[in-house]
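**Q** Chains as they are written, first to last, in this note's numbering: chain E, 1 to 350; chain F, 1 to 596. The beta carbon of each residue, even a glycine, is placed where N, CA and C say it ideally should be. Please read through the structure below; I'll follow up with questions.
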């Protein structure tokens, strides 16, 4: 009888990485649904297109790197990267723009750094930032006009055609700037009440956007409840953004109000799905708080005083840079020790 | 309600304890052979003190420890010593060690017994010695000699004595069943320990998944000061450090022992053993062990004679060999796999799990770490397991140590939750081992270097001494030469003032002489008695001469010393010697004149 030889522990929880990623995808469904309902089929087409391309690119790269393809594809992380890009990109963005974003994410930001677990930057945000800088017009004007899907958006076939043709002129009839963009560019010459009359804002905070954010918030709460993410990053992210907004932008006639910051952009998607990407985030609780708060603060700074209407990608990438530093200085206090041991060995011993 | 604290992290794995709690503790049958390892405790191994072929009685000491750290081994039943030989023992490495093999004769004949009627009248040290003599080492897992643990450092006062009945690991029910059925013995053992330690507080801690045990203990502790504290079920609440935190809110300092904060933990099984040693005069020859897992049809908890081979117990529990996939000694979180079921039950064996492949399947292949941090959420020591993993894997041991690798208690919570199926604890064990090897090698290298340096220094010193001696000889020869020469010169220069000072002093002396002569003349003119002044004068002059001679001798020896040392005052001394020489001469002359 050959007995199995195994190092302890012998019992294991049945929750694999692929399982975790699957749940992340499922948790994004409410947000995606809201996107489809309010902005048409574009996001759904983007999501499918990006996911398929991401998985394909991952497989090709694994092949080039001579890694087991099936084994790594099964972890579902490439699919999640594709999904996040599909959710973040403008609904009517030309297919080649999203393709460049996906390829940059998977090939450059992930596989060239050594694949899953080795990438210092959030792959999806690398792809997003790249196309945002390279194709600003396509990236800022291809947001679909909000409205219920069955009322005024182009149909599935038309949307597919718009995305596939990649012709900017084809989409002008259905698109407008995002509410954050609109607010920022008009508040200098008008009062808040006047700005808010624009149809993009609707009756609530920002037509459609509020539901999309609510959807991602709901999905995020599901992830929290399932303990797939911890509260630290989303809470400090939102708190950082809110505190900045209350401290500097309480006057709605000068700056976008807090409600708009929280519900009109990519805030909830960023807080619960993007900033929480564990690979490129800080690790300890304290580190996560700093990391999340940093993203929130940077988002406010860039949205308010920067040139870009939204800033989740830049803020996340900037904080990715800071992660190794944060990690060195925020270890928890280990049981039986008086102080956490910060810094590097041999220096600043605590 | 006693105040409880929480420890950070922790997990809730499937308990599977119901498998082995369905029936009372069962007496395991007598095996054909008992295999008794000489080392079942932490410390020096015992040495057999019986001869092969000798008949031994139940409870007879068959192996003793020569040093002070370690406990003896006793015969679990009467029989014949068949051999003292190497035999596979329960150890993660699957190694073999020296064992006494005993063939029971089935008579179960006790050696002479001498129960203590009232230990209170005894010396505490005598009770502690009895605990050692009766072979008691912690039954909870590590097997630390109980008598040593019960004697904390002199400057440490144990104010809280904790009996650990948490038994937080899945499957294991040995303590649970013993608490249910032997609560009185546990309390009696606790009393003995409390009498030795005199703590302010005695606590028996049990996880809330053992209601029967709690009930029994509460009954047994009625009208006593002992608290039975029910703690929430969460692995690893039974870890010593975690249990102390739960019950006291205090943390054992890193690298310290619980006594440092006035706490001591003992296992409930150990309490039973202590009670039996004192009240029944029964050494530690058997223990309660759980035989469980889905590869046995009749899992349960057994009273097992130490030395009983595991395979014998498995047979009694109805092992289905076809189903057996993995054999674990201990629990599924911290236990280790056995290579052979032939190893014996020892003092620390609390559980054997005969698991099927479905029950504890082989882990899926390791995936890359995605830094999800679930491990850090689960870690009861508040470590950063993922960071420790990277550093351990990359061989950056300094960084791993910096992040408190050695505070890891290897409870396995991190590996349990890891979604990437990384055997984290295995990496830590490997890193710890590697660091220990490095440290040992460092020490060795340091010692070698010290030895080498000491040797170099010695050789150099010897060389120098040799040269010094050579030099000294040469110098002595040169000195002798110089002295001879100097003496010759001095002989030539005799009578002449050696220098200005000498000339001055000569002048002074001449003046004095003139004055003296004048005075003498005056005295002569006054015509005193001719002999009377002569006698004291003579005496004084003699004294002067002897003083001058002594001084000359001193000066001469000083000069020689100075020459030997090659000092810079040689010249000066030479002059001084010459001067003194003159003085002696003058004194001699003066004396001679006076005598005339």
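1) Restricting to Cα atoms, I'd like to know which of 560(F), 242(F), 583(F) is closest to residue 574(F).
2) Please confirm if residue 273(E) has its CB atom under 8 Å from at least one CB of chain F.
3) Step through the CB atoms of chain E and report whether any lies within less than 8 Å of the CB of residue 370(F).
4) Could you tell me if the beta carbon of residue 8(E) falls within a distance shorter than 7 Å of some heavy atom in the ligand FAD?
5) What does the Cβ neighbour count give for residue 86(F), buried or exposed, with the cut at 16 atoms within 10 Å?
6) Starting from residue 267(F), follow the alpha helix (DSSP H) in both directions and report where the run begins and ends.
7) Using the rule of at least 16 other Cβ atoms within 10 Å of the residue's Cβ for burial, across every protein chain shown, is residue 95(F) buried or exposed?
8) Straight-line CA distance for residue 114(F) to residue 101(F)?
9) Among the residues of its own chain, which have a CB less than 6 Å from the CB of residue 548(F), if the five just before and after it don't count?
10) At a CB-CB cut-off below 7 Å, which residues of chain E make contact with residue 336(F)?
11) Within its chain, find whatever has a CB closer than 7 Å to the CB of residue 31(F); leave out the 5 residues flanking it on each side and keep chain order.
12) Against chain E, which members of the segment 416-431 of chain F pass a CB distance test of less than 9 Å?
13) Using three-state DSSP, classify residue 80(E) as helix, strand or coil.
14) Taking Cβ-Cβ distances shorter than 8 Å, what residues in chain E pair up with residue 362(F)?
15) Please list the partners that residue 234(E) has in chain F, where partner means a Cβ-to-Cβ separation under 7 Å.
16) Under DSSP, the beta strand (DSSP E) around residue 325(F) begins and ends at which residues?
17) Decide if residue 75(E) is buried, meaning its Cβ has at least 16 other Cβ atoms within 10 Å, or exposed.
18) Taking buried to mean at least 16 other C-beta atoms within 10 Å of its own C-beta, is residue 236(E) buried or exposed?
19) Under three-state DSSP, which class holds residue 587(F)?
20) Which residue wins for smallest C-alpha separation from residue 46(E), given the options 156(E), 197(E), 286(E)?
21) Closest by CA to residue 51(F), which one among 141(F), 80(F), 229(F), 392(F)?
22) Just confirm the distance between the C-beta atoms of residue 74(F) and residue 59(F), as a whole number of angstroms; I'd bet it's less than 8 Å.
23) Does chain E have any CB closer than 8 Å to the CB of residue 407(F)?
24) Have a look at the DSSP bridge pairing and note the partners of residue 184(E).
25) Output the residue ranges of the alpha helix (DSSP H) runs that lie fully inside the segment 227-299 of chain E and measure 4 residues or longer, sorted by chain position.
26) Below 9 Å on C-beta distance, what does residue 117(E) contact in chain B?
27) Terminal residues of the continuous beta strand (DSSP E) containing residue 164(F)?
28) Identify, in the order they occur along the chain, each residue of the same chain with its Cβ nearer than 6 Å to the Cβ of residue 109(E), setting aside the five sequence neighbours on each side.
29) Along the chain, where does the alpha helix (DSSP H) that runs through residue 126(F) open and close?
30) Are the Cβ atoms of residue 169(F) and residue 5(E) separated by less than 8 Å?
31) Going along chain E, which residues have a C-beta under 9 Å from residue 326(F)?
32) CB-CB under 6 Å to residue 229(E), same chain, minus the five flanking residues each way: which ones, in chain order?
33) Would the segment 243-263 of chain E and the segment 59-68 of chain E be scored as touching if the rule is three or more Cβ pairs under 8 Å?
34) Does any residue of chain F bring its CB to less than 8 Å from the CB of residue 75(E)?
35) What residues match up with residue 18(F) in a beta bridge as DSSP calls it?
**A** Taking the definition as stated:
1) Checked all of 560(F), 242(F), 583(F); the closest Cα to residue 574(F) is 560(F).
2) no
3) Cβ-Cβ to chain E under 8 Å: yes for residue 370(F).
4) Looking for the ligand FAD in the displayed structure turns up nothing, as the structure carries no ligands at all.
5) exposed
6) Residue 267(F) -> not in any alpha helix (DSSP H); beta strand (DSSP E) instead, spanning 263-267.
7) exposed
8) 26 Å
9) Same-chain partners within the cutoff: 583, 584, 587.
10) 8
11) 308, 309, 312
12) With the criterion set as a beta carbon lying under 9 Å from some beta carbon of chain E, the members of the segment 416-431 of chain F are 416, 417, 418, 419, 420, 421, 423, 425, 426, 429, in sequence order.
13) helix
14) 4, 6
15) The premise fails here: residue 234(E) is roughly 14 Å from chain F at the closest Cβ pair, so nothing lies under 7 Å.
16) 324-329
17) buried
18) buried
19) helix
20) 156(E)
21) 80(F)
22) 6 Å
23) yes
24) Answer by DSSP bridge pairing: none, since residue 184(E) is not bridged.
25) Counting only runs of 4 or more residues that sit fully inside the segment 227-299 of chain E, the alpha helix (DSSP H) segments are 232-248, 258-263, in chain order.
26) In the structure shown, chain B does not exist; the protein chains are E and F.
27) 160-165
28) Leaving aside the five residues that flank residue 109(E) on each side, the residues in its chain whose CB is nearer than 6 Å to its CB run, in chain order, 119, 121, 123, 126.
29) Looking at the DSSP string, the run of the alpha helix (DSSP H) that includes residue 126(F) is 124-133.
30) no
31) Going along chain E in sequence order, the residues near residue 326(F) (Cβ under 9 Å) are 3, 4, 5, 6, 10.
32) 223, 276
33) no
34) yes
35) None, per the DSSP bridge assignment.
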